[in-house]
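Trainee: Residue numbers for the sequence shown follow the numbering used here, beginning at 2 and rising by one.
Let me give you the structure first, and then I'll get to my questions.
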Amino acid sequence: MDGLLALDNWFTLMMLIMLRVVLGFDNLLYISIESSRVAPAKQQLVRRAGIALATLLRLVLMFLVLGLIARFAQPMFSINWNGVFEGSFTFHAVVSILGGGFIMWTATKEIMHLLAVDHIEKLNEPRGKKSVGSAIGLIVFMNLIFSFDSLLSAIALTHVVWVIAAAIIISGAMMIALADQVSVFLKKNRMFEVIGLFILFIVGILLVSKGGHLAHMELFNYKVEAMSKASFYFVIFVMVVVSTVQTRYRNKLEALRAAEHGEAAPAH
2 MDGLLALDNW FTLMMLIMLR VVLGFDNLLY ISIESSRVAP AKQQLVRRAG IALATLLRLV
62 LMFLVLGLIA RFAQPMFSIN WNGVFEGSFT FHAVVSILGG GFIMWTATKE IMHLLAVDHI
122 EKLNEPRGKK SVGSAIGLIV FMNLIFSFDS LLSAIALTHV VWVIAAAIII SGAMMIALAD
182 QVSVFLKKNR MFEVIGLFIL FIVGILLVSK GGHLAHMELF NYKVEAMSKA SFYFVIFVMV
242 VVSTVQTRYR NKLEALRAAE HGEAAPAH
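Rendered as structure tokens:
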């Protein structure tokens with residue numbers, strides 16, 4: 002293997018693993034949402050089989066990208082509606098835009114589902130009669146969408162095949178190990194499920210804006226700029242802090258109201 006004992010390769014491997022751990026959280030959110038649509042007895046199978054198949058396909062995708070990386074930067078088609086809509090779309094741009102749009106649609110649909118439920122107990126029931134095969138297929142598809150960007154980032158850091166392959170396999174194993182815990186945590190903590198859905202929605206915006214930037218897209222003569230990762234993480238941080246403070250404040254108010262009702266009760 003190329004430079005198996007080289008320290009640079011091992012440092013790069015650690016960097017790629019950490020990158021995939023950070024970027025894998027939104028992936029686990031989607032896996033948890035999608036697996037909740039099948040029968041409870043099949044949900045663990047869906048999560049593990051979906052991640053395992055996606056990991057294998059990521060390895061195939063790695064070889065394809067390494068062999069065709071120059072073509073991914075070449076425009077596939079252009080749209081020139083002068084003054085209204087313009088852009089030169091590469092394969093990378095199309096994947097980012099379509100994948101981001103699908104993620105935004107999924108997050109919006111799940112948020113509407115939460116708002117439409119009359120009884121909180123129904124949230125634990127399967128949300129549809131989706132088959133195991135279709136759920137696994139969607140998990141694999143979205144895993145590839147999520148991994149495409151990180152794969153290009155990995156290739157930008159190194160072209161050593163075993164380093165990229167090892168990072169893919171290790172991160173896949175970590176996702177399998179964490180998927181069940183994330184799903185159980187979200188079921189027990191509904192507040193974080195809502196935050197997770199909005200984070201997923203912002204991930205979709207991030208991908209769509211990046212795809213638009215890669216395509217040099219212009220809408221009504223305004224260039225589409227990619228959402229920066231710093232802005233993305235800052236928005237997530239603010240969302241979590243606001244939600245945590247709001248929840249604690251609401252709990253404190255409810256405790257005070259309960260105490261007031263308890264003190265007032267003997268007077269009647």
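Using N, Cα and C, we set each Cβ at its ideal position, and we do this for glycine too.
1) Should R249 go down as buried or exposed, given a rule of 16 or more other Cβ atoms within 10 Å for buried?
2) Around the Cβ of K211, are there at least 16 other Cβ atoms within 10 angstroms (buried) or fewer (exposed)?
3) Whole angstroms is fine: what's the gap from T91's alpha carbon to I98's?
4) Can you tell me where the alpha helix (DSSP H) with F78 in it begins and where it stops?
5) May I have the straight-line CA-CA distance separating V133 from A53, to the nearest angstrom?
6) Among residues of its own chain, excluding the 5 on either side of F103, which ones have a beta-carbon nearer than 8 Å to its beta-carbon?
7) Using three-state DSSP, classify F90 as helix, strand or coil.
8) Between L17 and M175, what straight-line distance do the alpha-carbon atoms span, to the nearest angstrom?
9) Quick one: Cα of T159 to Cα of V95, how far?
10) DSSP three-state label for E194, please.
11) I'd like to check one pair, F202 with T109: are the Cβ atoms closer than 8 Å?
12) Would you mind listing the alpha helix (DSSP H) stretches within the segment 12-72 that are 4+ residues and don't spill past its ends, in chain order?
13) Please list, in chain order, all residues of the same chain as G68 whose beta carbon is under 8 Å from its beta carbon, the five residues on each side excluded.
14) Does the segment 182-198 come close enough to the segment 28-35 that 3 or more CB-CB pairs lie under 8 Å?
15) Quick one: is H93 buried, meaning 16 or more other Cβ sit within 10 Å of its Cβ, or exposed?
16) Going straight from the alpha carbon of Q44 to that of R59, what length do you get?
17) By Cβ distance, which residues of its chain are closer than 6 Å to M105, with the 5 residues on each side in sequence left out?
18) Tell me which residues share the same chain as I112 and place their Cβ nearer than 7 Å to its Cβ, disregarding the 5 neighbours each side in the sequence.
19) Assuming the contact rule is C-beta atoms closer than 8 Å, F86 and L220 should be a hit. Round their C-beta distance to whole Å, please.
20) Would you report the Cα separation of D1 and I156, rounded to the nearest angstrom?
21) Taking all protein chains shown into account, do 16 or more other C-beta atoms lie within 10 angstroms of the C-beta of G88, making it buried, or fewer, making it exposed?
22) Taking all protein chains shown into account, do 16 or more other C-beta atoms lie within 10 angstroms of the C-beta of A231, making it buried, or fewer, making it exposed?
23) Which residue or residues does DSSP assign as beta-bridge partners of E219?
Mentor: Let's see:
1) Residue numbering aside, residue 249 sits at position 248 when the sequence shown is read from its first letter. R249 comes out exposed.
2) One-based indexing of the sequence shown puts residue 211 at position 210. Taking a 10 Å sphere around the C-beta of K211, we find 16 or more other C-beta atoms and assign the residue as buried.
3) Counting from one through the sequence shown, the residue named residue 91 turns up at place 90. Counting from one through the sequence shown, the residue named residue 98 turns up at place 97. If you take the alpha carbons of T91 and I98, they lie about 11 Å apart.
4) Within the sequence shown, the letter at position 77 stands for residue 78. F78: not part of any alpha helix (DSSP H); member of the beta strand (DSSP E) spanning 76-82, first to last residue.
5) Position 132 of the sequence shown, counted from the first residue, corresponds to residue 133. Position 52 of the sequence shown, counted from the first residue, corresponds to residue 53. Their Cα atoms are separated by approximately 15 Å.
6) What you label residue 103 is simply residue 102 of the sequence shown in a count that begins at 1. Answer for F103: M143, I146, G205, listed in chain order.
7) Start at 1 with the first residue of the sequence shown, and residue 90 comes out as number 89. F90: strand per DSSP, three-state reduction.
8) The count along the sequence shown starts at 1 and reaches residue 17 at position 16. The count along the sequence shown starts at 1 and reaches residue 175 at position 174. Computed Cα separation, rounded: 13 Å.
9) For the purposes of this step, residue 159 is taken as residue 158 along the sequence shown, with counting starting at 1. For the purposes of this step, residue 95 is taken as residue 94 along the sequence shown, with counting starting at 1. Spanning the two alpha carbons is a distance of roughly 24 Å.
10) Here the question's residue 194 lines up with position 193 in the sequence shown. Residue state, collapsed to three classes: helix.
11) Your numbering for residue 109 matches position 108 in the sequence shown. Your numbering for residue 202 matches position 201 in the sequence shown. Annotated as proximal: T109 and F202, with beta-carbon spacing under 8 Å.
12) For the segment 12-72, not a single whole alpha helix (DSSP H) run of length 4 or above is found.
13) Sequence index remark: in the sequence shown, residue 68 carries index 67 (1-based). Cβ within range, chain order: n/a, list empty.
14) yes
15) Here the question's residue 93 lines up with position 92 in the sequence shown. That one is buried.
16) Working through the sequence shown from its first residue, we reach residue 44 at position 43. Working through the sequence shown from its first residue, we reach residue 59 at position 58. Using only the alpha carbons, I get a separation of about 22 Å.
17) In the sequence shown, residue 105 corresponds to position 104, counting from 1. Here the set comprises F202, G205.
18) Taking the sequence shown and counting its residues from 1, one reaches residue 112 at position 111. The residues are L198.
19) Within the sequence shown, the letter at position 85 stands for residue 86. Within the sequence shown, the letter at position 219 stands for residue 220. Taking a contact as a CB-CB distance under 8 Å, the pair F86 and L220 counts as one, their CB atoms being some 6 Å apart.
20) Lying before the first or after the last residue shown, residue 1 is absent from the chain, which here runs from 2 to 269.
21) Position 87 of the sequence shown, counted from the start, is the residue given in the question as residue 88. Buried, since its Cβ has 16 or more Cβ neighbours within 10 Å.
22) Taking the sequence shown and counting its residues from 1, one reaches residue 231 at position 230. Under the 10 Å beta carbon count, A231 is surrounded by fewer than 16 other beta carbons and is classified as exposed.
23) Residue numbering aside, residue 219 sits at position 218 when the sequence shown is read from its first letter. Bridge partners of E219: E87, K224.
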